[in-house]
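**Student:**
Number of protein chains: 2
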Amino acid sequence: MTDAAAASPTLAAHHVHFFDEAAFLDTDRPGFRRRIIDGTNLQLWFWRITGGSTGSVLHKHDGNEQIGIVVRGALDFRIGDPSSAERSVLRPGDIYLAPVGVWHGDSVFLGDDEYGECWILDVFAPPRTDIG
Amino acid sequence: MTDAAAASPTLAAHHVHFFDEAAFLDTDRPGFRRRIIDGTNLQLWFWRITGGSTGSVLHKHDGNEQIGIVVRGALDFRIGDPSSAERSVLRPGDIYLAPVGVWHGDSVFLGDDEYGECWILDVFAPPRTDIG
Chain L
14 MTDAAAASPT
24 LAAHHVHFFD
34 EAAFLDTDRP
44 GFRRRIIDGT
54 NLQLWFWRIT
64 GGSTGSVLHK
74 HDGNEQIGIV
84 VRGALDFRIG
94 DPSSAERSVL
104 RPGDIYLAPV
114 GVWHGDSVFL
124 GDDEYGECWI
134 LDVFAPPRTD
144 IG
Chain X
14 MTDAAAASPT
24 LAAHHVHFFD
34 EAAFLDTDRP
44 GFRRRIIDGT
54 NLQLWFWRIT
64 GGSTGSVLHK
74 HDGNEQIGIV
84 VRGALDFRIG
94 DPSSAERSVL
104 RPGDIYLAPV
114 GVWHGDSVFL
124 GDDEYGECWI
134 LDVFAPPRTD
144 IG
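As you go down the protein sequences, you meet chains L and X in turn. For what it's worth, our numbering labels the leading residue of the first sequence as 14, then goes sequentially. For what it's worth, our numbering labels the leading residue of the second sequence as 14, then goes sequentially.
This is how it looks when you write it as structure tokens:
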């Protein structure tokens with residue numbers, strides 16, 4: 014059980030949203046707030062990221078499939094072969110699917126007009142055990 | 014491999030969005046268009062549903078964990094114990110998590126101002142084998 018589940022078992026079991034600001038915890042990366050909810054076969058990582066933040070160098074997950082869903086703002090990143098993948102900009106409603114072992118990252122997070130933040134939901138299957 | 018993967022291997026492998034209207038196929042439920050993308054550990058069901066549609070009676074999945082993410086419009090539904098669960102309205106950015114065996118549905122789908130549609134992404138882990 015992680016932060017949100019401890020804070021509100023009902024929400025964790027049923028429905029959750031990005032607007033529960035108190036459920037978001039600071040991480041060791043300035044500007045990156047996160048809420049993690051554990052499922053059984055999947056794990057939800059909600060991000061509220063200050064617009065203009067960079068980070069998330071190109072990386073891959075060798076044991077987890079991942080999807081990322083942009084909810085607010087935009088994600089300017091690369092996905093695929095590191096030597097050839099061009100930059101893509103994903104906006105609200107856009108989703109990326111990163112199969113196991115596929116590189117992604119080199120990201121710039123663009124804030125929305127209302128919060129000045131980029132909101133992204135990452136879903137990992139199976140749940141990650143290396144939460145950093 | 015399902016419809017979207019066949020239509021665009023690049024999109025299926027990397028990033029996808031709700032705006033690829035041609036990738037959505039009619040289903041046997043009038044007003045419900047769907048795009049399915051298969052991952053390995055998870056499966057994405059994109060829905061574009063005409064506002065005002067009803068359906069999705071209370072049901073549960075005994076082999077799959079599910080999340081639902083509202084992207085446009087709203088989902089007015091119930092989740093939890095069928096005898097006591099009250100109605101909830103989820104709006105863009107709201108997510109529900111339905112663990113294996115948890116009842117959900119009895120849904121009314123409300124259209125957004127721009128398309129008159131409700132856009133929902135359902136994620137199943139593991140992928141469903143009973144696609145109807």
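Virtual Cβ for every residue (Gly too), placed ideally from N, Cα, C.
In whole angstroms, what separates the C-alpha of Phe45(X) from that of Asp119(X)?
**Tutor:** Between Phe45(X) and Asp119(X), the C-alpha separation is close to 15 Å.
**Student:** Report the CB separation of Val115(X) from Ile92(X) in whole angstroms; it is logged as a contact under 8 Å.
**Tutor:** Val115(X) to Ile92(X), Cβ: 7 Å. Contact.
**Student:** Given a threshold of 16 other Cβ atoms within 10 Å of its Cβ, counted over all protein chains shown, does Ile144(X) qualify as buried or as exposed?
**Tutor:** By the neighbour-count rule (16 or more Cβ atoms within 10 Å), Ile144(X) is not buried but exposed.
**Student:** What residues from chain L crowd round Val29(X), counting only those whose CB sits closer than 9 Å?
**Tutor:** Those are Asp107, Ile108, Tyr109, Leu110, listed as they occur along chain L.
**Student:** Are at least three pairs of beta-carbons, each pair with one atom in the stretch 30 to 38 of chain X and one in the stretch 91 to 111 of chain X, less than 8 Å apart?
**Tutor:** Counting Cβ pairs under 8 Å, fewer than three are found: no touch.
**Student:** Ala87(L): which of Tyr128(L), His28(L), Leu57(L) sits nearest, CA to CA?
**Tutor:** Measuring from the Cα of Ala87(L), the nearest candidate turns out to be Tyr128(L).
**Student:** By the DSSP assignment, the beta strand (DSSP E) with Phe31(X) in it spans what residues?
**Tutor:** First-last for Phe31(X): undefined, no H or E at that position.
**Student:** For the candidate residues Leu123(X), Asp41(X), Ile49(X), Pro43(X), whose alpha-carbon lies nearest to that of His30(X)?
**Tutor:** Of the candidates Leu123(X), Asp41(X), Ile49(X), Pro43(X), the one whose C-alpha sits nearest the C-alpha of His30(X) is Ile49(X).
**Student:** Among Leu55(X), Asn54(X), Thr53(X), Arg42(X), which one has its Cα closest to the Cα of Arg61(X)?
**Tutor:** Minimum Cα distance to Arg61(X) is reached at Arg42(X).
**Student:** Candidates Gly106(L), Cys131(L), His28(L), Arg100(L): which alpha carbon is nearest Leu71(L)'s?
**Tutor:** Selected option, being the one with the closest Cα: Arg100(L).
**Student:** Shorter than 7 Å from the beta carbon of Gly52(L) to some beta carbon of chain X?
**Tutor:** Interface residue, yes.
**Student:** Under 7 Å between C-beta atoms, does Leu38(L) make it to chain X?
**Tutor:** No, because no Cβ of chain X sits closer than 7 Å to the Cβ of Leu38(L).
**Student:** Please check the pair Trp58(X) and Asp135(X), which I expect to be a contact at CB under 8 Å, by giving their CB distance rounded to whole angstroms.
**Tutor:** Right, their Cβ atoms sit about 4 Å apart.
**Student:** Could you pull the start and end residues of the beta strand (DSSP E) that Tyr128(X) belongs to?
**Tutor:** Here Tyr128(X) belongs to no beta strand (DSSP E), and DSSP marks it neither H nor E.
**Student:** Would you list the one or two residues that DSSP bridges to Phe122(X)?
**Tutor:** DSSP output for Phe122(X) lists Leu88(X) as bridge partner(s).
**Student:** From this set, Cys131(X), Gly76(X), Asp94(X), Pro95(X), which residue's C-alpha is nearest Leu103(X)'s C-alpha?
**Tutor:** Checked all of Cys131(X), Gly76(X), Asp94(X), Pro95(X); the closest Cα to Leu103(X) is Cys131(X).
**Student:** Assuming His117(X) contacts Phe137(X) under a Cβ cut-off of 8 Å, what Cβ separation, rounded to an integer in Å, is found between them?
**Tutor:** Actually they do not touch by this definition, with Cβ atoms about 13 Å apart.
**Student:** Which residues in chain L sit within 8 Å of Glu78(X), going by Cβ to Cβ distance?
**Tutor:** What Glu78(X) touches in chain L: Gly52, Thr53, Asn54, Leu55.
**Student:** Taking only beta carbons into account, state which residues of the stretch 60 to 78 of chain L come closer than 7 Å to chain X, listed in chain order.
**Tutor:** Flagged, chain order: Glu78.
**Student:** Once DSSP output is grouped into helix, strand and coil, what is the label at Ala138(X)?
**Tutor:** In this structure, Ala138(X) counts as strand in the three-state DSSP scheme.
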